[in-house]
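Numbering (the numbering used here), first residue to last: -18 to 573. Ideal Cβ placement from N, Cα and C applies to all residues, glycine included. No experiment lies behind these values; they were computed from the predicted model shown. Below you'll find the structure, written out as structure tokens, and then a few comments.
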């Protein structure tokens, strides 16, 4: 029996890959219609994504096989979904992120900010959270965490060294010590021993208490890095993949929308949310791991100055080891700021951007997208040399002239580009389009109409909580890919602006704080030790609740004017006679 159990455990992924399609066959065979056939494809992909029986990117290609065979979409239509403008934006944004990593610009920024903030316990946690969140806005959460965790642990080592430990290193704990007589001879004297009475314990009770405090501080420092990486990625459209899934799904499901989700509109909505969530997370981690003694947390008593100076010196030495800023770093910084400025001013919405003025279409909208801008700067990275023009005339060993390499080369891109995410995004867009073409979206929407009797803030809160729970054990990209088309159909059916539920659920997909397997930053931090699953679960549980509440606050306040959530948009209507009365939005949906 044990052998069978071992066999099933070892071959479970192969068995699931074969059994899932067979066990789900009654659905399309017994229920007629394309809706059931599309539901079969979606449920099968959901099971394979949740169990990871196949690589996520491989499962994403199932629509390419199933939809043409089910007569839902032609193969040529499905293929188009795999490289849309959102995929181009993802690749273009990563070109800049890879360049920043290549020239170590992210490490220079991180160390510089830490030197400014300081190394007092509470401020140190805040400093690491600010740096990690900022870097995660522009480069991958995984790369940010992998860089910041070793720096954090190096600083912690210096902070945790007690005076006794330093004395041990200096040799002051020897039972014999040496004195030098006036004539130059060395005399070794023994330390006096007490003949009677108990020997004092070698480790005082105070040291044990300090060790416990240091352990808690180390745990809090580790968690603050991975949590800040997940939170920071929410702030920008390219910061984490679920944000791009949202943009792609909105553009795919509602092709008539006036580019409502773009870099500027998303940043205006998400950045204040990230600031609030980051501060609340900092307070919660401080209370949980440092306690309620805020005077001690900020080191107002002046104790531990020596350890703080040593920790500060570690950061300072790391910063000095980078040397002066090179021409390549300066060029990357300049291009980075240019990219962000072009993104923000392309089509901001509250005034005419350069895209509306220079490249308008018939409706006055920008024909240039955020993906166009990303690739424009990305191509420049392959053209600009990494050294001053005066150094062009270098010679190699054979005496031939040698030009310096460009800021970015294709070998580096090929190694660091997560191509699997590109295919995963495409698979999600194909699923959404197939759901629409088959009529499954409309069928789901009709079944969800009873939700119109529930206040919309409650609907948004419950759905966000559901997504935040689901994403703890499933890829956040797969979660948003599966949920967003269903949420869009539901919103249309109850005459609710689709963005009112799609925006908070997309954000909630990034709230993976409870388990090491929930997201790569959690796994990286957990691998460094000193953390148990229960520590992460305890800290992450309340943080999930705080995150969902913060998102609910955002969607019901400053998101309204940004995305015009107080009206049902014309680009989302299914039946204009239901949701519009003389052109006015039925406000009872929002305020019952």
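Helix, strand or coil, according to DSSP, for residue 383 in the structure here?
The residue you call residue 383 lines up with position 402 of the chain shown. It is a strand residue.
Rounded to whole angstroms, what's the CA-CA distance from residue 149 to residue 108? Just pull it up for me.
Counting from one through the chain shown, the residue named residue 149 turns up at place 168. Counting from one through the chain shown, the residue named residue 108 turns up at place 127. Residue placement at residue 149 cannot be trusted, given a pLDDT of 42 that sits under 50; the coordinates are not used to answer.
How long is the line joining the alpha carbons of residue -14 and residue 507, rounded to whole angstroms?
To locate residue -14, count along the chain shown from 1; it is residue 5. To locate residue 507, count along the chain shown from 1; it is residue 526. Cα to Cα, residue -14 sits roughly 29 Å from residue 507.
Suppose you measure from the CA of residue 250 to the CA of residue 5; what does that come to, to the nearest Å?
Taking the first residue of the chain shown as 1, we reach residue 250 at position 269. Taking the first residue of the chain shown as 1, we reach residue 5 at position 24. Whole-angstrom Cα-Cα distance: 40 Å.
For residue 488, I'd like the list of residues in its chain whose CB is within less than 6 Å of its CB, leaving aside the five on either flank, ordered along the chain.
In the chain shown, residue 488 corresponds to position 507, counting from 1. Closer than 6 Å at the Cβ level, and outside the excluded window around residue 488, lie 215 and 532.
Helix or strand or just coil, what does DSSP make of residue 131?
Translated into positions along the chain shown, residue 131 becomes position 150. Helix.
Candidates 360, 426, 327 and 451: closest to residue 349 by CA position:
The residue you call residue 349 lines up with position 368 of the chain shown. Of 360, 426, 327 and 451, the residue nearest in Cα terms is 327.
Pick out whichever of 3, 357, 408 and 526 has its Cα sitting closest to the Cα of residue 458.
As a first step, residue 458 must be located in the chain shown, where it is residue number 477. The residue with the shortest Cα to Cα distance from residue 458 is 408.
Consult DSSP for residue 36 and reduce its assignment to one of helix, strand or coil.
In the chain shown, counting from the first residue as 1, residue 36 sits at position 55. It is coil, neither helix nor strand.
Taking buried to mean at least 16 other C-beta atoms within 10 Å of its own C-beta, is residue 577 buried or exposed?
Residue 577 lies beyond the range of the chain shown here (-18 to 573); nothing can be said about it.
Could you please give me the residues that DSSP links to residue 366 through a beta bridge?
Counting from one through the chain shown, the residue named residue 366 turns up at place 385. In the DSSP output, where bridge partners are listed per residue, residue 366 has 387.
Given a cut-off of 8 Å, decide if residue 300 and residue 93 are closer than it, judged by their beta-carbon atoms.
Reading the chain shown from its first residue, position 112 is the one you call residue 93. Reading the chain shown from its first residue, position 319 is the one you call residue 300. Against a cut-off of 8 Å, the Cβ pair of residue 300 and residue 93 comes out as a contact.
Within the region 60 to 123, note down every full alpha helix (DSSP H) run reaching 4 residues or more, in order along the chain.
66 to 83, 86 to 98 and 102 to 117
Using the three-state DSSP reduction, which class does residue 341 fall into: helix, strand or coil?
Along the chain shown, read from residue 1 onward, the residue named residue 341 stands at position 360. Three-state DSSP puts residue 341 in a strand.
Taking the C-alpha atoms as reference points, what is the distance between residue 416 and residue 396?
As a position in the chain shown, residue 416 is number 435, starting the count at 1. As a position in the chain shown, residue 396 is number 415, starting the count at 1. Answer to the nearest angstrom: the Cα atoms are 34 Å apart.
How would you label residue 514, buried or exposed, when you count the other beta carbons within 10 angstroms and need 16 or more for buried?
Locating residue 514 in the chain shown gives position 533, counting from the first residue. Classification of residue 514: exposed, given that the 10 Å Cβ count is below 16.
Quick one: is residue 46 buried, meaning 16 or more other Cβ sit within 10 Å of its Cβ, or exposed?
Taking the chain shown and counting its residues from 1, the one referred to as residue 46 is at position 65. That one is exposed.
Our contact map puts residue 511 next to residue 267 with C-beta atoms below 8 Å; I'd like the distance itself, whole angstroms only.
As a working mapping, residue 511 is identified with position 530 in the chain shown. As a working mapping, residue 267 is identified with position 286 in the chain shown. Their Cβ separation, rounded to whole angstroms, is 18 Å, which puts residue 511 and residue 267 out of contact at 8 Å.
Name the two residues that bound the continuous alpha helix (DSSP H) containing residue 229.
As a working mapping, residue 229 is identified with position 248 in the chain shown. Unbroken alpha helix (DSSP H) run through residue 229: 222 to 234.
Kindly give me the distance between the Cβ atoms of residue 461 and residue 492, rounded to whole angstroms, as I take these residues to be in contact under 8 Å.
Taking the first residue of the chain shown as 1, we reach residue 461 at position 480. Taking the first residue of the chain shown as 1, we reach residue 492 at position 511. 12 Å between Cβ atoms; not a contact.
Is DSSP giving residue 445 helix, strand or coil here?
As a first step, residue 445 is located in the chain shown; it is residue number 464 there, counting from the start. Three-state result, residue 445: helix.
Cβ-Cβ distance between residue 110 and residue 207 below 8 Å:
Here residue 110 is taken as the residue at index 129 of the chain shown, counted from 1. Here residue 207 is taken as the residue at index 226 of the chain shown, counted from 1. No; because the gap between Cβ atoms is not below 8 Å, this pair is not in contact.
Starting from residue 347, follow its DSSP beta bridges and name the residues at the other end.
The residue given as residue 347 occupies position 366 in the chain shown. Answer is 341.
How big is the Cα-Cα spacing for residue 271 and residue 130?
In the chain shown, residue 271 corresponds to position 290, counting from 1. In the chain shown, residue 130 corresponds to position 149, counting from 1. Cα to Cα, the separation comes out at about 19 Å.
Tell me whether the beta-carbon of residue 219 lies closer than 8 Å to the beta-carbon of residue 334.
Here residue 219 refers to the residue found at position 238 when the chain shown is read from its first residue. Here residue 334 refers to the residue found at position 353 when the chain shown is read from its first residue. Not closer than 8 Å, so no.
Given a cut-off of 8 Å on the beta-carbon distance, is the pair residue 509 and residue 63 in contact?
Indexing the chain shown from 1 puts residue 509 at position 528. Indexing the chain shown from 1 puts residue 63 at position 82. Contact flag unset, no.
Residues near residue 18 in its chain [Cβ-Cβ closer than 6 Å; skip 5 each side]
What you label residue 18 is simply residue 37 of the chain shown in a count that begins at 1. For residue 18, where only same-chain residues beyond five positions count, the Cβ hits under 6 Å are 9 and 51.
So, for residue 355: in the same chain, excluding its five sequence neighbours on each side, which residues have a beta-carbon less than 6 Å away from its beta-carbon?
In the chain shown, counting from the first residue as 1, residue 355 sits at position 374. For residue 355, where only same-chain residues beyond five positions count, the Cβ hits under 6 Å are 70, 73 and 74.
Mapping the DSSP letters down to three states, classify residue 546 as helix, strand or coil.
In the chain shown, counting from the first residue as 1, residue 546 sits at position 565. Of the three classes helix, strand and coil, the one that applies to residue 546 here is coil, per DSSP.
For the 8 Å Cβ check, are there 3 or more pairs between the region 541 to 553 and the region 234 to 253?
yes
Buried versus exposed call for residue 332 [16 or more other C-beta atoms within 10 Å across all chains shown]
The sequence position of residue 332 within the chain shown is 351, counting from 1. Flag for residue 332 reads exposed.
Endpoints, the alpha helix (DSSP H) within which residue 516 is located:
Numbered from its first residue, the chain shown carries residue 516 at position 535. Run containing residue 516: 514 to 536, per the alpha helix (DSSP H) assignment.
Go through its chain and collect everything with a Cβ distance to residue 523's Cβ below 8 Å, but skip five positions before and after it.
The count along the chain shown starts at 1 and reaches residue 523 at position 542. Closer than 8 Å at Cβ, skipping near neighbours: 265.
Straight-line gap, residue 298 to residue 89 (C-alpha atoms, nearest Å):
Start at 1 with the first residue of the chain shown, and residue 298 comes out as number 317. Start at 1 with the first residue of the chain shown, and residue 89 comes out as number 108. Rounded to whole angstroms, residue 298 to residue 89 spans 12 Å at the Cα level.
C-alpha distance - residue 16 paired with residue 23, whole-angstrom precision:
If you number the chain shown from 1, residue 16 lands on position 35. If you number the chain shown from 1, residue 23 lands on position 42. C-alpha separation (whole angstroms): 11 Å.
Residue 486, enclosing alpha helix (DSSP H) - first and last residue
The sequence position of residue 486 within the chain shown is 505, counting from 1. Looking at the DSSP string, the run of the alpha helix (DSSP H) that includes residue 486 is 479 to 489.
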